[in-house]
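So the structure is just underneath, and the comments pick up after that.
Number of protein chains: 4
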Amino acid sequence: MSGWHEECGVFGVIGVPKAAELAYFGLYALQHRGQEGAGIVAFENGRHRVKRGGGLVSEVFDADDLAALGGSLAVGHNRYSTTGSCRPENQQPLVSHCLGGVIALAHNGNLVNAWELRQDLEREGSIFQTSMDTEVIVHLIARSHRETLVERAQEALRSVRGAFSLVLSDGRRLIAARDPDGFRPLCIGRIGEGFLVASESCALDILNASYVREIEAGEMVVIEAGRMRSIPLDGKRDAHHCIFEFIYFSRPDSTIFGHPVDPVRRRLGHVLADASPAEADIVISVPDSSNSAALGFSERSGIPFEMGLIRNHYVGRTFIQPIQHLRDLRVRVKFNAVRSVLEGKRVVVVDDSIVRGTTMRKLVKMIRNAGASKVILRISSPPILFPCFYGIDTPTRGELIASTHTVEEIRKYLDVDGLAYLTIEKLKEAAPAALGYCTACFDGVYPIPFSHTPSKEILENGGDWGQSPITKCEEPWSPL
Amino acid sequence: MSGWHEECGVFGVIGVPKAAELAYFGLYALQHRGQEGAGIVAFENGRHRVKRGGGLVSEVFDADDLAALGGSLAVGHNRYSTTGSCRPENQQPLVSHCLGGVIALAHNGNLVNAWELRQDLEREGSIFQTSMDTEVIVHLIARSHRETLVERAQEALRSVRGAFSLVLSDGRRLIAARDPDGFRPLCIGRIGEGFLVASESCALDILNASYVREIEAGEMVVIEAGRMRSIPLDGKRDAHHCIFEFIYFSRPDSTIFGHPVDPVRRRLGHVLADASPAEADIVISVPDSSNSAALGFSERSGIPFEMGLIRNHYVGRTFIQPIQHLRDLRVRVKFNAVRSVLEGKRVVVVDDSIVRGTTMRKLVKMIRNAGASKVILRISSPPILFPCFYGIDTPTRGELIASTHTVEEIRKYLDVDGLAYLTIEKLKEAAPAALGYCTACFDGVYPIPFSHTPSKEILENGGDWGQSPITKCEEPWSPL
Amino acid sequence: MSGWHEECGVFGVIGVPKAAELAYFGLYALQHRGQEGAGIVAFENGRHRVKRGGGLVSEVFDADDLAALGGSLAVGHNRYSTTGSCRPENQQPLVSHCLGGVIALAHNGNLVNAWELRQDLEREGSIFQTSMDTEVIVHLIARSHRETLVERAQEALRSVRGAFSLVLSDGRRLIAARDPDGFRPLCIGRIGEGFLVASESCALDILNASYVREIEAGEMVVIEAGRMRSIPLDGKRDAHHCIFEFIYFSRPDSTIFGHPVDPVRRRLGHVLADASPAEADIVISVPDSSNSAALGFSERSGIPFEMGLIRNHYVGRTFIQPIQHLRDLRVRVKFNAVRSVLEGKRVVVVDDSIVRGTTMRKLVKMIRNAGASKVILRISSPPILFPCFYGIDTPTRGELIASTHTVEEIRKYLDVDGLAYLTIEKLKEAAPAALGYCTACFDGVYPIPFSHTPSKEILENGGDWGQSPITKCEEPWSPL
Amino acid sequence: MSGWHEECGVFGVIGVPKAAELAYFGLYALQHRGQEGAGIVAFENGRHRVKRGGGLVSEVFDADDLAALGGSLAVGHNRYSTTGSCRPENQQPLVSHCLGGVIALAHNGNLVNAWELRQDLEREGSIFQTSMDTEVIVHLIARSHRETLVERAQEALRSVRGAFSLVLSDGRRLIAARDPDGFRPLCIGRIGEGFLVASESCALDILNASYVREIEAGEMVVIEAGRMRSIPLDGKRDAHHCIFEFIYFSRPDSTIFGHPVDPVRRRLGHVLADASPAEADIVISVPDSSNSAALGFSERSGIPFEMGLIRNHYVGRTFIQPIQHLRDLRVRVKFNAVRSVLEGKRVVVVDDSIVRGTTMRKLVKMIRNAGASKVILRISSPPILFPCFYGIDTPTRGELIASTHTVEEIRKYLDVDGLAYLTIEKLKEAAPAALGYCTACFDGVYPIPFSHTPSKEILENGGDWGQSPITKCEEPWSPL
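Residue numbers (the working numbering), protein chains in the order written: chain E, 10 to 489; chain Z, 10 to 489; chain R, 10 to 489; chain F, 10 to 489.
In structure tokens form, the structure reads like this:
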């Protein structure tokens with residue numbers, strides 16, 4: 010339903026006129042992956058132009074910007090980041106002058122050894138402009154002793170560990186790569202003579218482009234002069250696709266990891282209905298994120314699907330904190346319960362996940378106030394027990410309600426008449442079989458070891474420790 | 010689905026602290042009734058404060074504004090108007106200094122005799138600041154020879170003809186009124202010791218306020234010093250509630266004209282399924298406006314309801330016109346088709362109405378491209394044949410596709426395998442029985458006669474002729 | 010030097026293409042008469058277009074605005090007003106729809122009977138949109154029973170009392186008028202086939218237009234169809250030109266009241282040097298307002314003129330209040346003393362006037378810190394003892410330092426070695442002889458009686474009582 | 010008068026609370042050195058905060074910014090740059106993460122070997138974020154193998170050649186340095202327990218701080234823990250102070266290179282009057298830049314100084330190009346001639362320099378139109394024949410009127426009755442004797458050899474070739 014946030018969407022296009030315009034609409038379709046900022050770097054005839062800013066894609070760019078950007082090649086990025094950051098320079102795509110040219114890089118993910126690499130690089134005299142882990146990659150490319158950009162990128166990406174689905178370009182070629190675990194999605198499409206790369210296929214659909222395939226885990230793709238070639242990044246590893254992309258992050262109309270999302274969510278609903286049936290009159294979703302799962306639950310259980318919650322289309326990004334007697338307003342601004350649907354009914358609410366539980370608690374109250382006689386909650390994923398360190402902005406463990414409460418305690422807190430989650434086994438049963446998954450947020454099994462053992466404190470408090478010393482504004486000067 | 014636009018939402022609150030804040034959230038919930046601008050006038054201790062601006066409610070006001078507005082009484086307004094208007098002064102609530110004080114007025118509707126009244130008033134030396142029909146009302150109040158504001162308002166509202174659901178205040182009392190036909194909705198709520206007035210009940214829900222009742226057609230309500238009294242505006246007339254409020258304009262979670270909207274839309278789906286059944290595998294809606302009707306159709310027909318179209322939550326208000334080979338992008342920016350849902354399926358699309366048909370044509374193409382084997386269209390209202398002159402921004406008759414084409418021609422244009430509308434009889438059958446309706450847009454029977462016979466040309470071209478000479482920017486100077 | 014502020018500059022143009030552009034540059038040249046806001050109304054082929062906003066002329070308008078405004082006739086206004094006003098609607102030119110057309114009005118001055126007229130008009134049912142006295146004039150025009158606009162304007166302007174130099178237009182003709190006392194300046198110019206009207210001739214110079222003549226006190230000028238005619242407003246009265254326009258308000262390169270300003274200021278310097286000679290090494294001005302008077306003083310006294318104070322060209326309109334140990338910064342932001350000029354010198358500082366004395370005190374300290382051995386102050390006007398009620402924003406009497414302190418006390422407060430003012434007689438001797446003057450701020454002789462005797466309190470506290478009950482935001486509702 | 014532009018002002022402060030506030034006012038006073046942008050980096054307790062933006066200092070920062078910046082140490086920068094640059098990243102102070110901390114750097118000047126150094130650095134894997142020559146310095150510091158920051162900075166500054174007056178800090182110490190030629194000024198001041206560094210002493214005066222001394226050519230000053238130490242940068246070289254700083258760039262109330270500016274300009278006037286006397290009635294300046302020289306000319310020649318041109322205080326930074334018949338408006342927007350001063354007079358106009366001559370030509374026309382019977386022009390500097398490559402934005406040689414025309418031809422073009430420049434000898438005679446000067450713009454003797462011989466074409470076309478390949482947006486990708 011919310012509470013977890015993707016950190017980015019990435020987009021690349023090559024071989025078309027007005028590439029910035031295509032990037033704009035691609036980012037538009039990927040807006041759900043990051044609403045805090047957006048940027049496009051467009052290349053044309055050896056020149057590059059940049060526009061990056063805070064806010065939604067539609068707020069950052071106007072028609073004049075797109076006309077000025079132009080381009081026959083473009084790299085774009087949607088950013089999620091914590092508000093009020095003191096670092097305006099933390100914008101993507103990252104633009105770096107090096108090797109006698111310019112490299113633009115857009116990255117979705119999180120590198121777990123960025124901190125050590127950065128320390129090494131600074132020790133050797135490298136200068137960083139941002140606090141983003143992403144910047145390490147460009148430095149590794151610039152410092153590589155290999156000949157070509159492709160070889161240099163290959164070498165650099167072999168040095169970093171963690172999650173990365175990225176697009177980079179020097180204005181001549183577009184390079185796209187996924188880490189060997191394949192945490193985040195990244196797919197290839199075609200439009201006319203041109204190629205597209207995008208976090209999700211919905212960014213191809215908006216452009217009426219055709220879907221080609223997912224980039225493989227551990228694969229680097231180089232597109233240049235109208236041709237595409239595939240380069241392996243690394244010795245074979247088992248892939249660990251983020252299973253939460255299927256549960257919540259990606260759009261249901263997207264194809265990710267080679268599989269359409271909606272049927273997976275539908276199957277989650279089926280499995281959930283089988284495992285945790287409910288005696289009820291209607292099934293409702295929390296629109297729109299759990300629509301597919303709720304339809305699946307309804308389908309399998311035979312309980313009619315209804316729209317008991319209405320979502321306000323005009324919710325702005327800023328929220329004005331109201332006076333005290335208007336409490337719970339934050340949720341009422343977003344949703345309203347439909348009395349005529351809910352009154353006197355036993356209601357199954359199907360949601361995709363619970364992070365902190367605070368919003369769900371208010372929704373339940375709203376549903377009860379609208380006359381529901383019984384509220385049964387079904388969650389189409391297992392309890393979230395552990396933070397993510399591979400590109401998702403996670404609350405600390407203490408804030409994850411399932412990490413500190415039993416299911417029965419959560420049921421009481423949410424004031425529902427019944428509560429059931431999926432098990433990890435059932436979850437994997439519903440997800441596409443051939444893929445390997447990362448389920449660390451459910452079971453704490455982190456596929457990538459951390460380079461310096463994270464202290465217990467950090468493990469308790471969450472936070473992306475691969476990156477954390479850098480993201481803080483406080484940097485004590487190292488003794489010289 | 011779209012194409013028709015409400016012209017306003019109105020809101021009033023009295024007897025609470027920080028009234029502007031309540032108005033803000035009330036307007037937030039009424040945002041669908043007008044996205045071009047918003048305004049709040051707050052009164053406190055004889056002072057008034059105003060903030061009006063262009064854009065969404067969340068864009069017009071920030072926390073500082075609300076704190077500065079304060080107020081124990083507030084009047085608010087959401088405005089729909091054509092873009093690029095040359096009249097920045099056309100903002101509501103209207104604020105007028107008269108009778109030794111200030112009157113704030115928010116109006117939803119359209120007066121058909123505004124032009125004549127204005128000519129009379131100007132001849133007598135009145136000065137107008139805007140081109141809005143609404144301003145006539147304040148002048149009539151100011152010019153009235155009656156003693157009290159209430160009597161003056163009563164007299165003024167007896168002089169105007171047309172559609173009005175309005176809220177006005179002088180800082181002491183809140184006056185709310187609906188025209189004798191009752192075209193537009195307006196309801197009363199309570200919050201603590203205070204009273205609320207709003208176009209739809211969803212504006213009460215967001216504040217957790219209680220719904221009291223609809224203001225009657227031809228009723229004026231005066232709220233002062235914690236008490237409410239009802240004053241009849243006029244000799245009895247038959248009411249003519251806008252039936253389109255049930256079909257499309259109001260939110261499904263609202264109660265209007267005393268009746269919840271969702272069950273009416275559900276019944277429209279039932280009736281439609283009975284009258285025009287379809288052989289199909291799935292029923293889909295055009296989210297979110299036809300969700301209720303589509304669920305009703307599914308329910309009655311037994312064909313499963315599916316979500317075959319995904320609506321983008323981040324559609325901005327401005328649209329950047331793309332380059333030519335991206336045509337049909339405007340609809341893809343808003344919607345995407347879900348291939349896994351639609352592929353190989355015979356699909357019934359239920360929509361609430363067709364105005365011009367251009368968007369539906371693109372949606373049908375998108376649904377077919379996603380693999381639907383058959384597309385059958387069912388519309389939960391009759392063909393729109395005539396323009397509205399009671400507060401809705403209507404295209405000219407020539408632009409109304411049903412006005413110039415047969416159903417079969419429309420079917421071909423939209424490229425659907427089947428097309429059926431509701432009849433007016435079936436529509437009235439599904440709508441709440443006790444109410445009288447205006448169905449002029451379907452049958453051309455206009456309940457209020459026009460003061461000067463509209464020329465055939467105007468009737469053909471549409472446009473709100475009650476108001477039109479005023480809304481133009483070109484005003485030749487009258488010979489003096 | 011400052012402390013007093015004009016309330017407006019007005020500008021009109023007729024008979025040229027792109028009239029708004031000319032108005033823009035005219036207002037640019039009149040910027041010193043009002044920096045808080047600006048507005049232009051342009052008429053063309055019976056249409057009017059308006060742009061008004063807060064800030065400097067160069068901030069309010071951009072090239073797109075001017076292109077959109079266009080016009081063959083335009084009325085413009087520079088506004089001075091107190092910051093943070095709660096009335097955004099108080100913008101000029103005032104635009105009123107009346108008499109079947111539109112009237113634009115720009116006014117410089119202050120009407121002393123506006124409050125009574127407004128009460129009468131509201132009692133008769135007139136509606137006001139602003140709290141400006143100016144609005145009364147349009148209502149009187151609209152309510153007049155005369156036939157033509159010219160006759161109506163004549164009648165209206167005969168009813169108001171006080172200071173007005175105004176420009177109004179209905180899109181066909183440009184009407185300009187000065188009150189019978191002729192408090193504020195207003196002149197006529199020609200450019201090609203067109204006519205211009207402006208507060209000062211510097212607005213003609215910037216357009217390379219030719220100066221024709223000052224509009225007479227009590228004269229109304231009507232320009233239409235390429236011809237200009239003169240209409241007397243009233244029975245003959247003695248004129249009372251604001252003598253402070255010569256001392257400080259107008260630009261030295263302007264011609265006002267038919268006389269160039271610079272020679273008058275030069276003569277003030279001569280007379281001052283004769284009446285109050287000083288033993289000193291150099292004469293300096295407070296740039297740029299007292300440059301002319303200081304040059305005159307130097308010329309007559311034979312003491313060399315030097316530039317001992319440098320004025321910062323980049324002073325913004327907003328001032329950030331610094332931390333405490335940076336006190337006196339406000340004056341240092343604007344001026345710096347030149348040590349190499351002042352060190353060891355006996356310095357005569359010539360300034361045009363002293364209002365509160367606070368800035369001068371800091372300047373004196375700055376001059377002393379730069380090494381001046383002696384600082385002698387000469388003021389090219391008499392002590393300001395009384396507030397102005399004819400269009401100038403005046404502090405209360407209590408704030409006028411000369412109203413509460415003797416010259417010797419002021420000398421001590423300013424910490425100067427000598428201080429002398431001009432006498433009223435000497436002032437009149439230096440000013441052009443044929444003109445009558447208002448010297449109320451020096452002698453309390455107000456040429457226009459107040460319609461309701463101002464209370465002693467108001468007289469003490471200053472404030473423009475002709476207008477004051479209206480300009481307040483607090484308006485208790487009158488009993489109905 | 011104009012036509013040449015400084016490229017920067019720099020400011021540093023250490024050892025005071027609210028350092029950003031002091032930097033703000035320091036930059037305010039240095040605004041004439043760069044109006045295109047401004048930035049402040051403030052350090053406090055190991056944290057740094059940055060605000061940079063386009064426009065005037067008063068436009069870039071508001072009170073909230075200054076409060077947020079805080080700091081006990083701050084580095085500030087005023088930027089001049091060509092409009093419409095495609096590189097928003099070219100902002101100063103430059104902020105770099107390196108050596109485990111952050112370095113902020115503000116630079117005034119131009120490095121002539123930046124291009125080669127950058128090529129070397131990129132070849133070794135350094136990444137650049139901007140196209141500014143300044144960035145090279147930080148890379149050299151980061152790459153140095155010396156131990157401490159001070160040693161590293163010393164080494165880096167020994168590697169670069171050209172003009173630099175810079176301030177840098179790591180949050181602990183403030184380092185300020187001038188190149189061995191000492192092209193641009195940089196001085197030290199004290200405020201309470203703190204130290205200040207500024208391009209000109211006027212930035213100390215605004216803060217009421219005391220002037221300590223100029224930083225020597227080739228000196229690096231390190232301020233840390235309340236103490237200041239001086240470190241020589243290089244083996245002794247002859248200094249070459251930019252003589253144009255005395256002629257035009259610096260403010261007359263500043264002390265630069267250890268000498269107050271106003272007396273130098275005064276002496277230029279004396280020498281000019283001696284060398285090129287004129288028969289005339291009055292001497293006027295082009296306010297305010299040539300005021301001092303004109304006063305000097307008047308003083309020596311005995312011809313009275315008058316203010317014949319009035320400068321508009323409200324000239325905005327943007328200029329709206331008017332319609333054709335308003336030609337020459339650009340100069341009339343800035344200046345107006347005072348007829349009463351000029352009419353019938355033989356006028357000596359003293360200006361500091363002529364770059365292109367276009368503005369002066371319009372001023373002369375304006376002065377003649379105001380009635381001057383004769384216009385004699387005296388320039389207080391020699392003809393400008395060569396472009397500057399040490400930090401000034403110069404037009405190409407072809408645009409320098411004196412480079413392509415004889416004095417007599419210039420006289421005819423400007424339409425003056427007489428024209429004389431200073432000789433280089435007289436100029437040096439008037440300037441402080443002990444200093445060495447760069448007079449390359451007058452005599453083509455460039456004190457620093459260029460690392461790669463500039464082609465004849467570049468020499469003809471001007472442009473800063475030390476930097477030019479970098480400042481262009483077009484960067485062809487180097488063959489890999």
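Glycine included, every Cβ here is placed at the ideal spot set by N, Cα and C.
Computed from a predicted structure; not experimentally measured.
query	result
Rounded straight-line distance, which links the Cα of residue 106/Z to that of residue 131/R	8 Å
Burial state of residue 371/R (16 or more Cβ within 10 Å)	buried
Assumed close pair residue 172/Z, residue 399/Z - CB separation to whole angstroms, cut-off 8 Å	4 Å
Residue-chain proximity (residue 63/F, chain E), Cβ-Cβ < 8 Å	no
Beta carbon proximity, residue 4/Z to chain R, threshold 8 Å	This structure cannot settle anything about residue 4/Z, because the visible part of chain Z is limited to 10 through 489.
7 Å Cβ shell around residue 446/R - same chain, five flanking residues per side excluded	249, 250, 252, 437 and 440
Start and end residues, beta strand (DSSP E) containing residue 36/E	Counting along the chain, residue 36/E falls outside any beta strand (DSSP E), though it belongs to the alpha helix (DSSP H) covering 28-38.
Buried or exposed (CB count within 10 angstroms, at least 16 for buried), residue 187/F	buried
Where the beta strand (DSSP E) containing residue 184/E begins and where it ends	182-187
Selection from 284/E, 302/E and 221/E that minimises the alpha carbon distance to residue 255/E	302/E
Alpha helix (DSSP H) segment containing residue 103/Z, residue limits	From DSSP, residue 103/Z is part of no alpha helix (DSSP H) but of the beta strand (DSSP E) over 103-107.
Interface flag, residue 482/Z vs chain R, CB-CB below 8 Å	Residue confidence is low: residue 482/Z scores 30 on pLDDT, short of 50, so the model does not pin down where it sits. Its coordinate-derived value is still stated next. Chain R, which has a Cβ nearer than 8 Å to the Cβ of residue 482/Z, makes this yes.
Every unbroken alpha helix (DSSP H) inside the segment 347-401 of chain Z [4 residues or more]	348-351 and 367-378
Interface partners of residue 506/Z on chain E, CB under 7 Å	Any question about residue 506/Z goes unanswered here, given that chain Z covers just 10 to 489.
Under the three-state DSSP convention, the category residue 323/F falls into	coil
The segment 423-433 of chain F touching the segment 362-379 of chain F, judged by at least three CB pairs closer than 8 Å	yes
Neighbour-count burial assignment, residue 452/E, 16 or more Cβ in a 10 Å radius	exposed
Same chain, Cβ closer than 6 Å to residue 386/R, five either side skipped, listed in chain order	358, 425 and 428
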